[in-house]
Structures are given as C-alpha cells and as structure tokens.
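**Q**
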Amino acid sequence: MSKNSSNIMALVPKTSNKRETVCIFGTGDFGRALGHKLLQSGYPVVFGSRNPWPSSLIPKDAEVLSHAEAAQKAAIIIIAIQRQHYDFLASLEETLHGKVLVDISNNLKINQYPESNAKYLAQLVPSARVVKAFNTVSAWALQSGTLDASRQVFVCGDDTEAKQMVMDIVRALGLTPLDQGSLLAAREIENYPLQLFPMWKLPIFLSLGLTAFFFFYCLVRDVIYPCVYENKDYSFFLAISIPNRICPIMALVLLALVYLPGVLAAIIQLYRGTKYSRFPDWLDKWMLCRKQLGLVALAFASLHVIYTLVMPIRYYVRWRTEDRTISQALNNKTSPFDNTNGWLSDSYLALGILGFFLFVLLGITSLPSVSNNVNWREFRFVQSKLGYLTLILCTAHTLVYGGKRFLSPSSYRWYLPSAYMLSLIIPCIVLVVKFVLILPCLDKQLTRIRQGWERNPQYSEQSNYIINKSAV
Amino acid sequence: MSKNSSNIMALVPKTSNKRETVCIFGTGDFGRALGHKLLQSGYPVVFGSRNPWPSSLIPKDAEVLSHAEAAQKAAIIIIAIQRQHYDFLASLEETLHGKVLVDISNNLKINQYPESNAKYLAQLVPSARVVKAFNTVSAWALQSGTLDASRQVFVCGDDTEAKQMVMDIVRALGLTPLDQGSLLAAREIENYPLQLFPMWKLPIFLSLGLTAFFFFYCLVRDVIYPCVYENKDYSFFLAISIPNRICPIMALVLLALVYLPGVLAAIIQLYRGTKYSRFPDWLDKWMLCRKQLGLVALAFASLHVIYTLVMPIRYYVRWRTEDRTISQALNNKTSPFDNTNGWLSDSYLALGILGFFLFVLLGITSLPSVSNNVNWREFRFVQSKLGYLTLILCTAHTLVYGGKRFLSPSSYRWYLPSAYMLSLIIPCIVLVVKFVLILPCLDKQLTRIRQGWERNPQYSEQSNYIINKSAV
Amino acid sequence: MSKNSSNIMALVPKTSNKRETVCIFGTGDFGRALGHKLLQSGYPVVFGSRNPWPSSLIPKDAEVLSHAEAAQKAAIIIIAIQRQHYDFLASLEETLHGKVLVDISNNLKINQYPESNAKYLAQLVPSARVVKAFNTVSAWALQSGTLDASRQVFVCGDDTEAKQMVMDIVRALGLTPLDQGSLLAAREIENYPLQLFPMWKLPIFLSLGLTAFFFFYCLVRDVIYPCVYENKDYSFFLAISIPNRICPIMALVLLALVYLPGVLAAIIQLYRGTKYSRFPDWLDKWMLCRKQLGLVALAFASLHVIYTLVMPIRYYVRWRTEDRTISQALNNKTSPFDNTNGWLSDSYLALGILGFFLFVLLGITSLPSVSNNVNWREFRFVQSKLGYLTLILCTAHTLVYGGKRFLSPSSYRWYLPSAYMLSLIIPCIVLVVKFVLILPCLDKQLTRIRQGWERNPQYSEQSNYIINKSAV
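Protein chains in written order, with full-length UniProt numbering: chain A, 1 to 472; chain B, 1 to 472; chain C, 1 to 472.
#1: Taking just the CA atoms, how far does N372/B sit from S347/B?
#2: Does any C-beta atom of chain C lie closer than 7 Å to the C-beta of Q112/B?
#3: Measure the C-alpha to C-alpha separation of N191/B and R377/C and round it to an integer number of angstroms.
#4: How many whole angstroms separate the CB atoms of L393/A and L344/A, which I take to be in contact at a CB cut-off of 8 Å?
#5: Is the distance from the Cβ of C23/C to the Cβ of A70/C below 7 Å?
#6: Where are the beta strand (DSSP E) runs, 3 residues long or more, that stay fully inside the region 8–81 of chain B, in chain order?
#7: Quick check: is the beta carbon of V46/C nearer than 7 Å to any beta carbon in chain D?
#8: According to DSSP, is R314/C helix, strand or coil?
#9: Kindly list, in the order they appear in chain A, the residues whose Cβ is closer than 7 Å to that of S41/C.
#10: What residue does the alpha helix (DSSP H) around P187/A start on, and which one ends it?
#11: Enumerate in chain order the residues of its own chain whose CB-to-CB distance from I189/B is below 7 Å, with the five nearest sequence positions on each side excluded.
#12: Counting only runs that start and end within the region 349–388 of chain C, where is the alpha helix (DSSP H) found for 4 or more residues in a row?
#13: Taking the Cβ atom as the reference point for each residue, do W319/A and F337/B lie within a distance shorter than 7 Å?
#14: Counting C-beta neighbours from all protein chains within 10 Å, is the total for T447/B 16 or more, i.e. buried, or is it exposed?
#15: Contact check, P368/B vs A350/C under 8 Å by CB: the rounded distance?
#16: My understanding is that G363/A touches L303/A, with C-beta atoms under 8 Å, so please give their C-beta distance in whole angstroms.
#17: Which residues in chain A sit within 8 Å of L367/B, going by Cβ to Cβ distance?
#18: Anything in chain B within Cβ reach of T378/C, meaning under 7 Å, just list it in chain order.
#19: Give a yes or no on whether 7 Å exceeds the smallest Cβ distance from G387/A to chain C.
#20: Tell me the residue span of the beta strand (DSSP E) that contains T136/C.
#21: According to DSSP, simplified to helix, strand and coil, what is D233/B?
#22: Can P193/A and N375/B be called in contact, C-beta distance under 7 Å?
#23: Is there at least one Cβ from chain A nearer than 7 Å to L303/C's Cβ?
#24: Under 8 Å: do the region 207–221 of chain B and the region 381–401 of chain B share three or more Cβ pairs, one atom per stretch?
#25: Distance cutoff 7 Å, beta carbons only. Does G174/B sit that close to anything in chain C?
#26: Given E63/C, which residues of its chain have a CB within under 6 Å of its CB, disregarding the five upstream and five downstream residues?
#27: With 16 as the cutoff for other CB atoms within 10 Å, does K444/C come out buried or exposed?
#28: 7 Å is my cut-off, CB to CB: does L309/B come that close to chain A?
#29: Once DSSP output is grouped into helix, strand and coil, what is the label at V155/A?
#30: Quick one: residues in its chain with C-beta nearer than 8 Å to the C-beta of G28/C, no 5 flanking neighbours on either side, listed in chain order?
#31: Is any beta-carbon of chain A found at less than 7 Å from that of E322/C?
#32: Nearest chain B C-beta to S116/A closer than 7 Å, yes or no?
#33: Hey, could you find the ends of the alpha helix (DSSP H) L101/C is sitting in?
#34: By DSSP, does residue 476/B sit in helix, in strand, or in coil?
#35: Give every residue of the same chain whose Cβ lies closer than 6 Å to the Cβ of T340/C, excluding the five residues on either side of it in the sequence, and list them in chain order.
#36: Among the candidates S182/C, M250/C and S327/C, whose CA atom is the shortest distance from the CA of K119/C?
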C-alpha cells in the first residue's frame, strides 16, 4: 500500500505551475482588449497607467497601478502605447532591467521612422529584452472573437527565450505565432499591416495598362471606324462587345506571361551553364508574382465566359437573329447547313470550355488550404503540366476562333489587325520556345544543370548562395 | 581527446524522457479508437474496465486492468464512459487524487443537464484536476485517419498544467488543441458538436421568410392575375420564371442587409458621441452574422445567374422568339434596330455581370484559408470598399433593368408594383445614408469618435469595456 | 528596495537559454538552403563536408569543418547527403554515439530499396537516434519563402525525445511538424513526395473507363447510325454534342457511386448483425475515396453546365432554329404553345439548376479550410442529407429530361437505348435501397447495431478492433 501511494505521488505533477502575471502599459483600446483576452486565458493581468485608478472600461479582474509598480509585478510587459509616448520608458530603465518588453505598435505610414518602433524601444531601454508581436491583430477582432482575418501573429526579437515566452502567450490566446527571426525583422512586421496586396501590385498595374491599350485599340477599330466609314452608331458596344473582346485577350496574354519567365530562366541557365548564378532582379520579381498573374488571368477568363454566355440574351443579338431570319424568309431562301462551319464553331467552343475548365482547376489548387495538402510533385504536376495544357487549349481556342478571318482583308481596318491577333504573339512564342526546350538534347542538358552540374565551375565563385531553381 | 568526449556527453541529451502512460476508463468505441491512436503515437496505454480481461476488440499492445489498478499506472486518465455511469468514480476518489481526468463526453441534447459533464465530474472527484477535451473528434475519424471535418480539439480546465499536459497529447495525435480557458467553458464545448450551423440560423430563417413573401407576391402578380383577367395558364412560370424573379430580389435585399447594420452603428455612434457604449443586442447579433448573410445573398445571386443564362434554352422562350419572328415575317414588317434599347439591354447585363463578379470575389476572400492570409487593412478594403461597389453595381443593375417599366401603368397589377421595385427600397436607403455619412463633416466626427474621442466623457462611466468598433 | 530588487531578479528569466548548434552533413542544395534558413531562425550552423573549406555558396555565418569535427559540435546532425553515400557514416560511429541523426533523403522511385533510407541509416549507426523529417520540403521553397505547397513536415522516429527536438526545429522554421510515430513510418514518409494523387487514382481510372465506354456508345448511336442509315455527316457532334451527353451521365453515375458503398455497408451490417466485423477490402477502399469520386462527378457536372449554356451560341443550333422558323414562315403555319412542353422543359431545367447548385455547395464544404471549421454533425448533415438531396434532384432532372422519349421507339437505335437510360440504373438502385433502409423497422435495427448492439456477440471475437462505422 505504501508503495502504491508513493507511486501515486510520483505520478501527480506539481501544481505550483500557475500562469505568470502579464503587465500591460497603456489602457487604450488595444491594451484593454488584450488584457481582457489574457484574463480569459488564465493570465493574471496588471495595467500600468499614468492615472492608476480603476475605470469602468478596464476589466474588473485586472489591477491598475503606476507604471513602475506594475512593471515590478511581471516578467513580461506589453507596451500598448504609441511610439511618440515611449520616452518616459527610459526613466524606468532600472525597473525594466531584463524584462521582456513586447512592442505591439503600428505606424500610420510605411517606413514612417528611420528605425522600427521595436528597435527604437530597444535603444531606449537597452537592458530590456524587446520582442515585436501582436501588431497584426485588431482590437476589435480580439474582443469579438471573430478573427475573420489573420490569426497569424508575427513575432521577432533578439532574445530566443523572451521570444519563446511571448509565443507561448500568443498560442494560449488561440492565435498562431510565426517566428520571424531577429529584431531586424521588426521593420517588415510593422510595415505588414499597412500593406495593401503588395504581391498584387505588379499584376494589377500591368493588366490595367494592357486593358487600357486594348480598350482604345478596339474602340478605334470597332466603334470609331464604323462611325466614320459606315456612319453607324455602335457606341453600345462599349458595354459588352468590347469588354468581351478585351477579357479573352487579357486572359491569354497574362496566362502566357505566367509561363514566359520560366522559359526565360531556362534559357539563362542553359546560356550560363550553371544554376548557381542569380537571375536578374526583374526576373526574380516576375517569378514571384506568377501566381497572382495567373489569378488575374483567371478573373479575365471568367468574365469572358459570362460575357459570352450572356450573348443570346442581348437585345442586339436577338434583333440581328430575327432580322436575318425574317429577311431570309421574305426572300424565300434558306442557307444550307455548312459542315465546316459546324466543326469550326463547335471545336472553337469546346477548346474554350476545356481550357477554362482546366484554368479553374488551376485556380482551385492555388487556394492556400488546397495547395497545403498536396506534395511538391503534385503541385508541380498541376501548375506546370496542367498549366501548359491550359495555355495550349486557350491558344488553340483563339486560333480556331480566328479561323479564316485571319486572311480576309476586311479584318484589317486602318491597317490594324484584329485585336485577337495581337494577343496570340506572346502565347505562341512561349509555346514554341517551350517546345524547343523539351527537345531531348536541350532537356538533358537543362536537367543536368538543375541537378547541380556546371559547365564552367569557377563561374559559381562570383555568385552567392541563392539557388535559382524555378518550378518550370 | 578526453575533452572531446566530455563535450560529446554534454551534447547528448538524456534518453530517459519516455512518453508517459495514459489510462483510459471504458472500452467502448471511442476509448478503443483513442487507445489505438495513442499507441501509434508512442504512448503506453492501459485500459480501466469493469471486466478487466483482454478482448479481441482492444488493441493488443494495451494492458487491461480494473479501474483502480489502471488509474494508479498513469497521471492522465481519459474518462471514455457516459455521464450516467460516472457515479462509481466517487469511490475511487483516493486513487484519483491529483490525477488529470480528461472528460471527453458528449450529450444528446443542447444543455441536457444543469451543469456541464466536466463540471459534474469535477464535483464527483474534487481532488482530481478535470480537463475537457476530445469531444469534438469522432471515433471513426480517429481510426480511419480521414479527418475530413475538424482537426480542432477544444480544451478547457481550471488547472493550467493539467491542460498543458492534455494539449501535448492532442498535438502528439496530430490534432490542433485550442485552449478555451477555465472549466466554465466546458458547457459551450459540450454544446458545440450538437450545434447545426448556429451562425446560419438567422440568415437562413430571414431569407426563408422573405422568399416566401416574394414568392406569393410574384404568384399573385404573374400567375393568378393573368389567369383571372386574361385567362392564360402561366403555371409553368413556377419552375423558372418566378424563381428567377425571387433570386435577384433576395440577393439584393440580403446584400443591403449586410451593410445596413454598419450604417446604423455609425448613426448610433454619432448620436451618442462615443464608441464606448454598447450597441443594442439585436444590432450586435446582426453584425456578427453579416458574413453569413452575404454568403446567402451570393447563393441567390449565383442561382439568378444560372436561371438567366438558361433562358434561351427554355421551350417557352424559344417558342416566343419563333412566334414573333414568324408573325413579323408573315406581316412582312421588320422592326428597326433601336439604339436606346441596345444600350439599356447591354448596360443592364454588363452591370449585372460586374456586380456578380465582384460578389464572387467577396465570397472567395471569405473562405477561411484565404482570409487567413490577408492583413486587416486588406480584409477591410475587400469587405467594405469592394462590398459597397458590389452593392452599387447590383442596385444600378436593378434600376437599369427597371428602366422605363417604372412609369408604365401596366406594371401595376391590382395596384401591386413589380416585385423588383420593392427590392430597391433597402439598398437605396443604405446607399443614400452611406453617402451622407461619408460627407467630410460627418466623416471627420465619426473618425474622431472611433479613435476614442467622446463628446460627453461621463457617458462612458455607465458603459462596460466592450468596444463597439465596427468594421464598417 | 532590496525586496523589490530580489523580486525583479526572480521575475527575470535566465538568458543562458540559447538555441543549440545544428550540424549539417553535406553542402548540396538542400543542405545549404536548410542551413541558411536555420541561421535566419537563430540556430548556429556548422557544416560537415569532405572538403572543409568555405565556399561562396555556403552561408557566410556558418562554419565548415570535416565531418567528425562538425559532428562533435552539435547534438543534432542533419544528413543532407544521398543514401548511396551513407557508408562513411559507419566509420564515424563513435562520434555519432547518442546523437540525433535527421534523415532527410528522398528516393527516385516508390519502394526503391528493401528498407527505408532512415532504417538503413539506423542500421549503419545503431548507437545514434535516427529521426526522419524534412523530406517533403523543397530546397527552392525553403529559400524563396514561397511555401505554396505543403508546410507540413512529417516526422517519425523511435526516440521520443529526439523526435521532439527535431519538431522544435521544424516549428522554429515556420513549418508544421506532424508526428507519424515510429521509424517504421519512414517508408511511407519517403514514398509520400513521390506519390501523384494516390487517392485520386481509382476515381480517375474508373471515370476514364466509363467515359470511354459511353463515348463509343454515343458515337455508334449518334454519329455512325445516322451516317449509315440517313447518310448524314454528324461528325462535328464529337466536339460538343457527344461530350455534353457523356458529362451528365458520368456526373450522375459517379455521384451514385459515392452513395452506393454506404448503402452496401448498411446491408452488410444488417446482415451480419454487428458493426465489429471488417468490411471487405474493396469496400473499405471504395469508402475512403468517396470524396474524390464526388469531386470528379462535380467536375463532369460543371462541364455539362457550360456545354449546355453554350448551346444557343453554336452555329448548328442557330442554323437549326433559323431553318425551322423560316420553313414555318414559308409554310405559313405557326405551332401553338404547348403548356405541357413548357412545364417539362422548365421543370427539367429547374431540377438541373438546383441539383447543380447543391452539388457546388457540397464541393465547397469539402475544401479543407471549410470542412475544418464545421463540426461532425454539420459535416454529416451536409455530406449525407444535402448529398442525397443532390442525388434525388439530379436523378429527377434526368428522368424528366427523358420524359416521353422513354417510350418512343425512335430512341432505340440498333436496339441500343439512349445513353441517359443506362445512366439511371445505379442512381435509381441507390435511391430505392436507401428508401428501404430508412423504413422505421430497418432504421431502428441499424441504429442499434451502430451503437454497438450485436445480434450474435461471439461473432465479434473473430474480428479485430477496427470499427466499421460509416458516415452514411
């Protein structure tokens, strides 16, 4: 029996391990929201304030003390005050010695100050251990519990243990900490919540520019030309007909631009005979926003699909059909069925449908939760094999659409070719070059280079260790 | 050499750190499935059972003992028995002293008992440390490994360390523990798996009610009226024509209802001159289900799109077109092309397409994995800027659709206006009020209030610390 | 004051807790990329190499030593070399005694060697503690930071503590470790990155086979028959008409095949009178790929929708409409509106639209991030209640489409019934059997069995502990 009871004692863990008190400087919105959430998660909370008396706004279970008193009660102090009021912390230097100071501040503008707020704090109180965290979380989300946007909390700091302590708190609040390294990363972390889709800027500006170009191109050809020469008012083309010309063009050009950098990278690697040399900066940037380019292309393709499907409902199209039917009936002649036209029309539609279907598949696999569940081989299979198949189908769709129109002189108005002809240039180049690159002789060479072989080993001495291995 | 070898010794971690034995009371489905999974993850498992002999159903590597014996072998005991059989645990009080008891039970009904099962267990064995966990996981999912539904395991308990021990096990099983605080949360955790889309109830009942209203409204106007006055049988309108009237109305009304609470909240804040007073309960609830309202609206909008695109395939529409064409041909008259109609038809369709496109974008960004990858600024940009743009486009789509019909007396049957007119009321109100609110004078005031300024500071003394900052 | 300062001391955590040095054997792509990332995350890194001198390719902050020297500096050694070069490690046995060796290797083929690489390593250096990890991560992804594919790192090993140390590193790198148990799991982990959608193989081969069958069936009926008997060239049907016949058939058949195994499982359970007996292997496999079957069915359904909506744009359809209209006008006869046809056409379309709408809903809830946010009751509600409703709607859609054609002898060409009739067989069987199973008498029996009741208790003695509880 005695043996048993000793056995029990050994298996009963010590219960002294309570959660440590957390101190919060500042009783603003975010400080209170965080305090409230910390209390819920079992942390004792003490507020440090200039006016250390309880307020109806401050959670009831929390103590409110002067800054110095509050700081002495905890090993972790969350600084929930704005950067411009940090100065007084220097005077608390002695009390804050060795403490973990959590900088949660945000700025109003990107790169507002020469150094990051966290760095500034570390300079003010050099003996404290500063950790940057929580700045990406909103007070409102903390309170309401509806963390619709990010649950991710970026954490950085020079002291590993301090960082670990803060990350434990983050986890206890039901959020996901992401270690971003040393305090140098604070700058980027502070800029993060001020960013508005940084990866999307290039694709969106590019597509806005191209859209504007093709818009005016089509305007001239399809509205102004008939207005001048045939005195017809086709201004209503602006609503659907012209958008439905621009959308497929944009989709095809942008899709080709997704695969162009991979092809360029392969050419550079073949030319240099090594993969250990850096690509030019513009190529690196281009490769990093391929996913966004592809999604913008998919958006244009989707619009094209709806614009096309809506056609038979349009008054103009219905009127034209009726008008032609009536005039044929009045002239008592019926046009016989043309088998070639049947084939062209159907295969052009079928190619477009299959291309769009694969395009949507690509889009779905680029959803974070889906791409997180596939391995690299699968990801590469989808993004490159299926991707090229999509490009081939969409290019073929456009070529068949062109059909015989290509050679008819009536499609050259003011010497301007149809817009769709322009859109075929880049896709065709990409497909031809890709076809050349997968010829056995070049492909073998490229594979060897990508496996680390170098034609000219000393070349790599000048390069740095960044690996330029593209997911071509 | 000796220095080296000592160096090695210091760097070699001690290997005594084996995983601790876990005891499971109960050999039912869930107990066995959990035992099986624990063994896979390297935990020694001992079962406590009334009939302590090995069975073919129990994993071979696990021991089966009596309850008391099994309990002595482990610090953590998982109680895989039903609440109504808990009583005998009181007799084991001495053996269970200080142990971590994991309550994994579920009830059959929401709030079935006055206290939560975990609380009941804690009252039965006051000297044990009770943790609630695992109740959201299914035995079948544990076994088959296909955790299609949630990998999240809610954990709560009064003892932080006990909770930590359970959360470590949860993680070791490949699941994600979510700390929900003290044992008080057990009630909610036990109700969770019994809930059926609680956030969706309000939006779905609301839309069912509105759908029923508009259905009968359209039935009267479009089927019963022509039946009575023109003696025509339009009953087949029930399949497509009337649904395609209800869907866009519902989509527009619900979308407007997504943005109405934000506008109301702004008015309340402006009127009270502070953000530190609670909103009425109904407004809080409304604001929390805006996402669901929006998604239901998107569902109606999608149905509207398919119903519309399917139109030219319908026998009725094809017959009507043919009939009109033939009668025109027989009467030898062709209607000339009307440019205004061309514009109206095309711009109404274009507005609808763009509105739907933005609506789908909004829907995609509300997918958990996507919204988890955007920061707050981006989330608010998408949900409020793009959201209002969607509302404007959809309202304009409906207005242009109405076009001249608005004034024609034939659209007032039995003094009832067309259903689409009713649907415009709320969106127009929201847009007008929003337009007033973004006038500089009001906007400045509102921004000040949302940054914490109070017109009447003592007001806040009566309020509590809940922050009512809406993501307007 | 002295009390205060001691207080401070107690609250200041010890700062000696630096991150431990990690050693990497091998300076290839992956070794360097991992070293770079480890340095970023605050780990001191030392490389072990045959040529222990600094190279421009190796991160500047890392030391490069001989294998033996490097190994002595760290408790964890990452083996970033290929399996065929492992032999020399045996000679370092003494130095590697007790160290954690992390095997990160991958093979070129599934099951390339008799034992897993990690097992082979453990046999070579029996005194070391081998952990398998990191093999699913790509070097390129580690460097570029764009972890588009999986962030999941599978970890396995026989030593719990060693595994824990490796999992801490994985977490510090911002990746998600998943404990897979003992080193036996290494084989599966090594095969994982070589797999190409293993769960999708069965559904895709099945649908390819069925598609081929239905393709030739339709080819014979719709192209060859009219070619032989009516001498008409309908070859252009290959592009759209025949695919649009195959797609709905495949969607319906595959959807029925999703629900067939659940029905079979219920019959087996009823017949055996217990749930504690294993299902046949083929049924287990079938049940595990139901989700994939359903998604393939959804893909076919989506294609069917686009193919159908595109119909009025096809040259063939436009020509036929015009031709009929003109001939009616010339013959001076108009066909009156047929109310039954109006009903049939509209209700067939409406059923299809609603079925497809629910199908898409099912697809959305099967997205990992969505299904992760629903509880089991909700998941089962969606997948089984909504799923059966979808099946009913789609079957009804096909039945109404068939309409009167069913009995007309002209739809039997060469004694072959229309393809859609074949597609109705499985769905109707599933629905009828399911209807029988939910009759109160059978349903009650089945529920009892699923709750653990056994008609013949000794039966279970022969079975093992796998629970066959299907989410029917």
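We treat Cβ as the ideally placed atom computed from N, Cα and C, and that holds for glycine.
**A** Taking the structure as given:
#1: Taking the first residue of the second sequence as 1, we reach residue 347/B at position 347. Taking the first residue of the second sequence as 1, we reach residue 372/B at position 372. Rounded to the nearest angstrom, the two C-alpha atoms are 36 Å apart.
#2: As a working mapping, residue 112/B is identified with position 112 in the second sequence. No, Q112/B lies away from the interface with chain C (no Cβ there is under 7 Å from its Cβ).
#3: Looking up residue 191/B in the second sequence gives position 191. Looking up residue 377/C in the third sequence gives position 377. For N191/B and R377/C, the distance between alpha carbons rounds to 11 Å.
#4: Taking the first sequence and counting its residues from 1, one reaches residue 393/A at position 393. Taking the first sequence and counting its residues from 1, one reaches residue 344/A at position 344. About 16 Å separates the two Cβ atoms, so there is no contact after all.
#5: Here residue 23/C refers to the residue found at position 23 when the third sequence is read from its first residue. Here residue 70/C refers to the residue found at position 70 when the third sequence is read from its first residue. In this structure, A70/C lies closer than 7 Å to C23/C by Cβ.
#6: 22–25, 45–48, 63–65 and 76–79
#7: No chain D is present in this structure, whose protein chains are A, B and C.
#8: The sequence position of residue 314/C within the third sequence is 314, counting from 1. R314/C: coil per DSSP, three-state reduction.
#9: Numbered from its first residue, the third sequence carries residue 41/C at position 41. Simply D179 and G181.
#10: In the first sequence, residue 187/A corresponds to position 187, counting from 1. Rather than Pro, the amino acid found at residue 187/A in this sequence is Arg. Run containing R187/A: A186 to N191, per the alpha helix (DSSP H) assignment.
#11: Position 189 of the second sequence, counted from the first residue, corresponds to residue 189/B. Excluding residues within five positions, the ones whose Cβ falls inside 7 Å are K132, N135, F154, C156 and Q180.
#12: 368–371 and 376–380
#13: For the purposes of this step, residue 319/A is taken as the residue at position 319 of the first sequence. For the purposes of this step, residue 337/B is taken as the residue at position 337 of the second sequence. Cβ distance < 7 Å, so W319/A and F337/B count as in contact.
#14: Position 447 of the second sequence, counted from the start, is the residue given in the question as residue 447/B. Exposed, because fewer than 16 other Cβ atoms sit within 10 Å of the Cβ of T447/B.
#15: Residue mapping note: residue 368/B aligns to position 368 of the second sequence, counting from 1. Residue mapping note: residue 350/C aligns to position 350 of the third sequence, counting from 1. The pair is not a contact, with the Cβ atoms about 32 Å apart (cut-off 8 Å).
#16: Counting from one through the first sequence, the residue named residue 363/A turns up at place 363. Counting from one through the first sequence, the residue named residue 303/A turns up at place 303. Rounded, the Cβ-Cβ distance is 14 Å, inconsistent with contact.
#17: Indexing the second sequence from 1 puts residue 367/B at position 367. The contacting residues are L367 and S369.
#18: In the third sequence, residue 378/C corresponds to position 378, counting from 1. One point to set straight first is that residue 378/C is Glu, not Thr, in the sequence displayed. Here the neighbours are L196 and F197.
#19: Within the first sequence, the letter at position 387 stands for residue 387/A. Taking Cβ atoms only, chain C never reaches closer than 7 Å to G387/A, which makes this a no.
#20: Reading the third sequence from its first residue, position 136 is the one you call residue 136/C. Note, T136/C: premise wrong, no beta strand (DSSP E); not H, not E.
#21: As a first step, residue 233/B must be located in the second sequence, where it is residue number 233. Three-state DSSP puts D233/B in coil, outside helix and strand.
#22: As a first step, residue 193/A must be located in the first sequence, where it is residue number 193. As a first step, residue 375/B must be located in the second sequence, where it is residue number 375. The answer is yes: Cβ separation under 7 Å.
#23: The sequence position of residue 303/C within the third sequence is 303, counting from 1. Taking Cβ atoms only, chain A reaches closer than 7 Å to L303/C, which makes this a yes.
#24: no
#25: Numbered from 1 along the second sequence, position 174 holds the residue referred to as residue 174/B. It does: the Cβ of G174/B has a partner Cβ on chain C nearer than 7 Å.
#26: As a first step, residue 63/C is located in the third sequence; it is residue number 63 there, counting from the start. For E63/C, where only same-chain residues beyond five positions count, the Cβ hits under 6 Å are V46.
#27: Numbered from its first residue, the third sequence carries residue 444/C at position 444. Answer is exposed; the Cβ neighbour count stays below 16.
#28: Counting from one through the second sequence, the residue named residue 309/B turns up at place 309. It does: the Cβ of L309/B has a partner Cβ on chain A nearer than 7 Å.
#29: Looking up residue 155/A in the first sequence gives position 155. V155/A falls in the strand class under three-state DSSP.
#30: Sequence index remark: in the third sequence, residue 28/C carries index 28 (1-based). Closer than 8 Å at the Cβ level, and outside the excluded window around G28/C, lie A80 and I81.
#31: The count along the third sequence starts at 1 and reaches residue 322/C at position 322. Yes, contact with chain A.
#32: Your numbering for residue 116/A matches position 116 in the first sequence. Not an interface residue.
#33: By 1-based counting over the third sequence, the position of residue 101/C is 101. Looking at the DSSP string, L101/C is not in any alpha helix (DSSP H); the run it does join, the beta strand (DSSP E), is V100 to D103.
#34: Because chain B is modelled from 1 through 472, residue 476/B falls outside the range shown and cannot be assessed.
#35: Here residue 340/C refers to the residue found at position 340 of the third sequence. Once the five neighbours on either side are set aside, T340/C has no close Cβ partner at all.
#36: On the third sequence, residue 119/C is found 119 positions in, with the first residue counted as 1. Ranking S182/C, M250/C and S327/C by Cα distance to K119/C puts S182/C first.
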